[in-house]
Amino acid sequence: MKKWKNGIKSNKPLIHKVPFRQKAYFGISIAGVSFIQSMIDGSMLKFYTDFILFPTILFGIVQLIFGIWNSLNDPLIGYYSDKTLLTNKRVTRKRWLYRAIPFIAIGYFSIIFMNPEIPVVFIFVILLIGLAIQDTGGAIFHINRNALLVSITDEDSERSSLVVVSLIFQTILGIFTYLLPLIFLIEDTPLWVLYIMFSVVGAISVIISFLGIKGIQEPANLYKEKSFIQLKTVLRDMFKFKSFIYFVLISFLINAVAATTLTFQLFYFQYVAEITGLKATLASTIALPVTFGAYFLMQICNKKIGPRKSLLTFIIISITGYIGLLFFTEYLTVIIFYIMILMGNSAYWIYSMPIFGNIIDEYESKIGKRNEGTFMGIRAIFESPSKSVMIFLFTVIINNMGYIGGQEQIPSAILGIKIGVSILPIIFLLSGFLLLLLFPLKGKKLQKLKELTRKLYDSRLD
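Here you go:
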């Protein structure tokens, strides 16, 4: 991959652009993987508690244990993938992406065929093992894909553009991710219908993922300057950087909200706003295309004020949406508030990549090493378990407030759902907002870093 300027090969080291075709392949690959992941995030809590009649608190405990697994395997996967790039010339990030898909598929299919007649202990064990296998595949995929994404360009606008294009493809499949749970999981649907629905999602996801990975290209010189470094040394050096510490805390807080929006939305729609059937389907049909259009607005904001300030702006918009859900349950207002929330989620995914890419660049400028995979793995220690922690807190709240799966809910249980859906995310988002305000890698310091790292990218991408 040569240096690109406005999509045309150029010898001028001005802009490291990525051709749209490559952006599309990045997008297609993650759209397939996210189809399964979003179905798990959005459907499994409701599926297990209301259809399998698995105790709510036990599902929360599974998520808590699963979160510990997340913390253990992600940095090791990131470090090992970095190491194999140096010790085996045939191994590439792309090959790691291929290896991830079987784990994702096996883990997913192992948890979708449960039945309420199966003993609770057996369900608990299979759910935990299945999620762990699926998460291992997801970690292999996301760590290596994201490491490749931040390595093929140093431009903030290009990094965010890569994420935007990915989100476009994810949104196309995401329409079904939103519609299918709303159609099938807030009505009394036979289990065999759910099995078919989940299976079709899994098959489509695997096929699309392989097609996307096949088209991804890696620059020939991308790893020529890499050198091996011990994991304990990397960890010690990483936490010397305030920007890294701030970012992983921000990631934990905001990802906890973004990754559980659909999971909690099902409970809010059915029990609080009483939006079911065609009205629920129509709500998502309206909200998703509007969010789709907001991606382009986010690109404009990124170019005008940069990723950090843009993310601050959309966090405020998202908080406003959650406040609205707390006080208003009318149909149209709920749609508007969820649009605002989805915009905030998208902003986090779009802007976090260029921000984190700059942190890796800062590390390389000071230490002389890069280790993108290890960075992604350490980030995942904080980011991945955040979803499990959020779901655990939600299940504790609604369980203590009287929620019983598969039954009509008492007023206190409905109040518990409102607290879990709105107040909990507001607390997390406000905390993330304050940390992002204090984030140290900004202004003149960031500008100086950009000038320093450009030559490094010139040599790698030439």
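Residue 1 is where the sequence shown starts when you use my numbering, and the numbers rise one by one after that. Glycine included, C-beta positions come from ideal geometry on N, C-alpha and C.
Checklist entry - Run through DSSP, which three-state label would I275 get? => result coil
Next on the checklist: Please state the DSSP three-state secondary structure of V18.
Outcome noted: coil
Checklist entry - Are F124 and L58 touching if we call contact CB-CB under 8 Å? => result yes
Next on the checklist: Excluding the 5 residues flanking G7 on each side, which residues of the same chain have their C-beta closer than 8 Å to its C-beta?
Outcome noted: Bear in mind that a pLDDT of 42 at G7, under 50, signals an unreliable position, so the model cannot answer this.
Next on the checklist: Taking its Cβ as the centre, do 16 or more other Cβ atoms sit within 10 Å of K450, making it buried, or is it exposed?
Outcome noted: exposed
Next on the checklist: Can you look up A536 in the DSSP assignment and give me helix, strand or coil?
Outcome noted: No information on residue 536 is available, as it lies outside the stretch 1 to 462 that the chain covers here.
Item to check | Backbone secondary structure at T285 - three-state DSSP | outcome: helix
Item to check | Pairwise C-alpha distance: G368 and P181 | outcome: Taking the straight line joining both Cα atoms gives about 48 Å.
Item to check | Terminal residues of the alpha helix (DSSP H) in which N400 lies | outcome: That run of the alpha helix (DSSP H) goes 372 to 400.
Next on the checklist: Please report the distance separating the alpha-carbon of R454 from that of E383.
Outcome noted: 29 Å
Item to check | Entirely enclosed beta strand (DSSP E) segments - the segment 308 to 380, minimum 3 residues | outcome: none
Next on the checklist: Taking 8 Å as the threshold (C-beta atoms), are F247 and Y363 in contact?
Outcome noted: no
Item to check | Top-ranked residue by Cα proximity to A280, from R370, L185, Q299 | outcome: L185
Item to check | E372 classed as buried or exposed, judged by whether at least 16 other C-beta atoms fall within 10 angstroms | outcome: buried
Checklist entry - Are three or more beta carbon pairs between the segment 131 to 138 and the segment 66 to 78 nearer than 8 Å? => result yes
Item to check | F54 - DSSP class collapsed to helix/strand/coil | outcome: coil
Next on the checklist: Judging by CA-CA distance, which residue of F141, T49, L312 is the nearest neighbour of F267?
Outcome noted: Ranking F141, T49, L312 by Cα distance to F267 puts T49 first.
Item to check | Element boundaries [alpha helix (DSSP H), containing L438] | outcome: Here L438 belongs to no alpha helix (DSSP H), and DSSP marks it neither H nor E.
Next on the checklist: I'd like to confirm something about F169: is its beta-carbon nearer than 7 Å to some heavy atom of the ligand GDP, or not?
Outcome noted: In the structure on display, the ligand GDP does not appear, and there are no ligands present to speak of.
Checklist entry - According to DSSP, is V150 helix, strand or coil? => result Here V150 sits in coil by DSSP.
Item to check | From L436, S412, F66, I336, residue whose alpha carbon lies closest to that of I250 | outcome: L436
Next on the checklist: Between Y322 and P411, how many whole angstroms is the CB-CB distance? I'm expecting something under 8 Å.
Outcome noted: About 21 Å separates the two Cβ atoms, so there is no contact after all.
Next on the checklist: I'd like to check one pair, A24 with D74: are the Cβ atoms closer than 8 Å?
Outcome noted: no
Checklist entry - Taking C-alpha atoms, which residue in F328, G306, Q37 lies nearest to Q447? => result G306
Checklist entry - Roughly how many angstroms separate the alpha carbons of S284 and F296, rounded to a whole number? => result 20 Å
Next on the checklist: Less than 6 Å between C-beta atoms, sequence neighbours within five positions excluded: which residues of the same chain meet that for L173?
Outcome noted: A31, F35
Checklist entry - With distances taken between CB atoms, is the gap from M353 to V163 smaller than 8 Å? => result Less than 8 Å separates the beta-carbon of M353 from that of V163.
Next on the checklist: Taking contact to mean 3 or more Cβ pairs, one atom from each stretch, closer than 8 Å, check whether the segment 38 to 47 and the segment 341 to 356 are in contact.
Outcome noted: Between the segment 38 to 47 and the segment 341 to 356 there are fewer than three inter-stretch CB-CB distances shorter than 8 Å, so the stretches are not counted as touching.
Item to check | K242 - containing alpha helix (DSSP H), residue span | outcome: 242 to 258
Next on the checklist: Measuring straight from C-alpha to C-alpha, what distance separates L312 and Y351?
Outcome noted: 10 Å
Item to check | For I423 and Q270, the rounded distance between their alpha carbons | outcome: 18 Å
Checklist entry - Touching or not, the segment 399 to 416 and the segment 94 to 110, by the rule of three or more beta carbon pairs under 8 Å? => result no
Item to check | Top-ranked residue by Cα proximity to G215, from F109, Q22, G420 | outcome: Q22
Checklist entry - What do you get for A147, buried or exposed, if any count of 16 or more other CB atoms within 10 angstroms of its CB means buried? => result buried
Checklist entry - For the candidate residues V120, R93, Y80, S151, whose alpha-carbon lies nearest to that of R370? => result Nearest C-alpha to R370: S151.
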